[in-house]
Each structure stands twice: as C-alpha cells, then as structure tokens.
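Novice: Input: one structure, supplied below.
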Amino acid sequence: VARGTKFKAGEAIGTLNAMNHVHLIAGRSGAEMNALDALTFPNITDKAAPKIEKVSLFDENWREIETENTQKRIKLYGKTRIVVRAFDQMDDNADRRKLGVYQLGYQILKGEMPIIDKRETISFARLPDSEAIKIVYAKESKAGTTGETVFNYIVTNQMGGDTAREDFLDAIKLENGNYVLRVFAADFFGNQTSQDIEFTIEN
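Residue numbers (my numbering): 3 to 205.
Rendered as structure tokens:
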C-alpha cells in the first residue's frame, strides 16, 4: 500500500503472498514501534505463553558449557553468555507456526533471594536497527525460506529502544555458593514462561 493511500474499513487492499503473512510497520521512519502498540486489531486473542525450547550457556569465547546430562551442578567461571531458544504463538496458530518473542530476560537467585533482580534485556517494543540483529540472535537462528524457524536469543546482551550492546553474566562478581539462573520469555499480551538452571560458583 503506497504511503498516503486512503481506504475504508473492510475494504480489500491486497492479497497475501505464498508465505501467507504480511509485515506491518507503525510509526515514523527510524522510530518504528510494535504495530500491536499502535493499532487495535479485531478478534485477536492470545492466551498462550511463549515456549522455551532450550537454555544454553557459553563462555566469553563462545565455548559451550555443558548443561545437559550432568549429575552435578554446572560450574560457572568468568563472563558467561546465556542463549535461550524460544518462540511464541497466538491463539489458533498452526503448530508449525513459530513467532518471535516480545521480551526476554533473566535473574539470579540464591535460595529464594534474588541476587540479580529480574531484568528485561531484550524488548521488541520498537523495531531495532538492522545492526542489532547480531546482538540479539546467536548462530543457528534461522527463519523464512529455510523451512525451519529457530530463534536463539542472547539474553545476556542488551537490546531495546536505542540500546544494543554486548553484555555478560559475570560469575566473578558472585560469591561462592549455589545459585539458580531463571530465564523468562514474555509476549505482548502479558503471557510469560520461565525456565531454571542450577549452577555453582567456586572462585
């Protein structure tokens, strides 16, 4: 639809492509917002929380830290990257449909006490700059013509508004002891899911 085109509610304005979806951008150029914030769509419901498929840990140099099939707590040393594989769906989506997640983040607990408060590190309230892609998505993320959709979010990095920067969970700043890493993924409608990983610090 060309900019400035006028049409009435209910008027057909085009057809869908073979991918059976459209991209809607709201807001002025350079400050585009999430279209769900700007417009009200009829008959849209979403009671389903995002799904976390996997949580992976890496050191500063992207060497993976074992998180599966271990009989002991995971030990963390130094700067750590947290990568969350997650996707979202809305009501009545086909099972194969995987949508991106609106917000992600994490917190660190020792027992029931938050050591690092729950922090939202990635937010899609505004359309990020194209350069932010490398900050948000880890390797093996893919979508579209590949036939498979995978979102690997680097939740230790910061992305939202005008911010897009690399960051880490720095284990050196934590005292020795046992901890819980809790990651969360939330959608625009307030549905949220989380997953815990236990780890230990022995500096």
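Ideal placement from N, C-alpha and C gives every residue a C-beta, glycine not left out.
1. How many Å lie between I135 and N180 at the Cα?
2. Rounded to whole angstroms, what's the CA-CA distance from T165 to L129? Just pull it up for me.
3. Does DSSP classify K53 as helix, strand or coil?
4. Please classify R98: is it buried, with 16 or more other beta-carbons within 10 angstroms of its beta-carbon, or exposed?
5. Does any C-beta atom of chain C lie closer than 8 Å to the C-beta of T202?
6. Can the beta-carbon of D214 be found less than 8 Å from the beta-carbon of P44?
7. Tell me whether Q160 is buried or exposed, calling it buried when 16 or more other Cβ atoms sit within 10 Å of its Cβ.
8. Tell me the residue span of the alpha helix (DSSP H) that contains A96.
9. How about F186 and R75: do their beta carbons lie closer than 8 Å?
10. Is the beta carbon of N154 sitting closer than 8 Å to the one on V85?
11. For the candidate residues N205, D189 and Q197, whose alpha-carbon lies nearest to that of D93?
12. Quick one: using the 10 Å Cβ neighbour count with 16 as the cut-off for buried, is R271 buried or exposed?
13. In the DSSP assignment, what are the bridge partners of K77?
14. Apart from the five residues on each side of it in sequence, which residues of its chain come closer than 8 Å, Cβ to Cβ, to E55?
Specialist: Considering the structure as presented:
1. Straight-line Cα distance between these residues: approximately 33 Å.
2. 12 Å
3. strand
4. exposed
5. Here chain C cannot be found, since the structure has a single protein chain.
6. This structure cannot speak to residue 214, because the chain is shown only from 3 to 205.
7. buried
8. Note, A96: premise wrong, no alpha helix (DSSP H); not H, not E.
9. At the C-beta level, F186 and R75 stay beyond 8 Å of one another.
10. yes
11. Taking D93 as reference, the option from N205, D189 and Q197 with the minimal CA-CA separation is D189.
12. This structure does not reach residue 271, given that the chain is present from 3 up to 205, and the question cannot be answered.
13. T202
14. Taken in chain order, the residues that qualify are R87, A88 and F89.
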